[in-house]
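Colleague: Note that the numbering used here gives residue 75 to position 72 of the sequence shown, counting from 1, and the numbers run on in steps of one. Idealized CB from N, CA, C, for every residue including glycine. The following block contains the structure, expressed as structure tokens.
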Amino acid sequence: MALLGCTDPLKEAAIIELGGEDPAIPAGPLHRAGQPCLLCHDGGVTTPFSVAGTIHRLADAPVAAGGVVVSLVDKRGVTFEAATNCAGNFFVRPGDFTPEYPMWVTIERGEWRQEMESPVNGDGSCATCHTSETGTRSAGQVYILPFELGPEEAGCP
4 MALLGCTDPL KEAAIIELGG EDPAIPAGPL HRAGQPCLLC HDGGVTTPFS
54 VAGTIHRLAD APVAAGGVVV SLVDKRGVTF EAATNCAGNF FVRPGDFTPE
104 YPMWVTIERG EWRQEMESPV NGDGSCATCH TSETGTRSAG QVYILPFELG
154 PEEAGCP
């Protein structure tokens, strides 16, 4: 756990709760799909992100959705688009876009488009709210309707 050592014990506990890395997936843009990215990518020892998350192909299934366009619009009307990689992950670096909250989110692939029903109000890590279990604190994972796998997803680890 080389990333530990921050001064926030609640954050350290949350990082420990994530568990170890999957040894089959090296640290990088494909790792830790579905986990709260900004917990670690907050500008400490890792590459900082302002917004990051994972899109799944099916509801409640850890199957990645690559090639999904994630559109972000902040309260100033500033817009930024990112696309998911083969692991379903997308990330935005602060130098490219730092939203002023609230922020509205839309995902789309091909003809299918879905707007988030409520704005994001201060945490750019999608999995902070979109956890794997649906409940009073989570709408569940973000997913897009089933579709054919693209060539970029077929070879993803």
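Return yes when the Cβ of G91 is within less than 8 angstroms of the Cβ of A27, no when it is not.
Modeller: Numbered from its first residue, the sequence shown carries residue 27 at position 24. Numbered from its first residue, the sequence shown carries residue 91 at position 88. Cβ distance not < 8 angstroms, so A27 and G91 don't count as in contact.
Colleague: Let me know the secondary structure DSSP gives E114 once reduced to three states.
Modeller: Indexing the sequence shown from 1 puts residue 114 at position 111. Three-state result, E114: coil.
Colleague: Taking the beta carbon of P39 as the centre, do at least 16 other beta carbons fall within 10 Å, making it buried, or is it exposed?
Modeller: Working through the sequence shown from its first residue, we reach residue 39 at position 36. Buried is the call here.
Colleague: Note the first and the last residue of the continuous beta strand (DSSP E) segment covering A55.
Modeller: For the purposes of this step, residue 55 is identified with residue 52 of the sequence shown, where counting begins at 1. Per DSSP, A55 belongs to the beta strand (DSSP E) from V54 to T57.
Colleague: Could you give the DSSP three-state label for T131: helix, strand or coil?
Modeller: As a first step, residue 131 is located in the sequence shown; it is residue number 128 there, counting from the start. T131: helix per DSSP, three-state reduction.
Colleague: E20 by DSSP, collapsed to three states: which one?
Modeller: To locate residue 20, count along the sequence shown from 1; it is residue 17. Here E20 sits in helix by DSSP.
Colleague: For V71 versus R116, is the C-beta spacing smaller than 8 angstroms?
Modeller: Your numbering for residue 71 matches position 68 in the sequence shown. Your numbering for residue 116 matches position 113 in the sequence shown. No. Outside cutoff.
Colleague: Could you tell me which of E24, G80, M119 and T131 sits nearest to P102, measuring between CA atoms?
Modeller: Your numbering for residue 102 matches position 99 in the sequence shown. Ranking the options by Cα distance to P102, first place goes to G80.
Colleague: Please say whether V54 and G127 have beta carbons closer to each other than 8 angstroms?
Modeller: What you label residue 127 is simply residue 124 of the sequence shown in a count that begins at 1. What you label residue 54 is simply residue 51 of the sequence shown in a count that begins at 1. Contact flag set, yes.
Colleague: Helix, strand or coil: how does DSSP classify E103 here?
Modeller: Indexing the sequence shown from 1 puts residue 103 at position 100. Residue state, collapsed to three classes: coil.
Colleague: DSSP beta-bridge partners for V81?
Modeller: The count along the sequence shown starts at 1 and reaches residue 81 at position 78. Answer is none; V81 lacks a bridge partner.
Colleague: Is it buried or exposed for D77, if we count other Cβ within 10 angstroms and need 16 for buried?
Modeller: Taking the first residue of the sequence shown as position 1, residue 77 is located at position 74. Buried, since its Cβ has 16 or more Cβ neighbours within 10 Å.
Colleague: Evaluate M4 with the Cβ neighbour count: other Cβ atoms within 10 Å of its Cβ, from every protein chain shown; 16 or more gives buried, anything less gives exposed.
Modeller: Locating residue 4 in the sequence shown gives position 1, counting from the first residue. For M4, the pLDDT reaches just 42, beneath the cut-off of 50, and the residue's location in the model is therefore unreliable, leaving the point undetermined.
Colleague: Contact defined as beta carbons within less than 8 angstroms: I believe T82 pairs with A130. What is the distance between those atoms, to the nearest angstrom?
Modeller: Counting from one through the sequence shown, the residue named residue 82 turns up at place 79. Counting from one through the sequence shown, the residue named residue 130 turns up at place 127. About 23 angstroms; that fails the 8 angstroms criterion.
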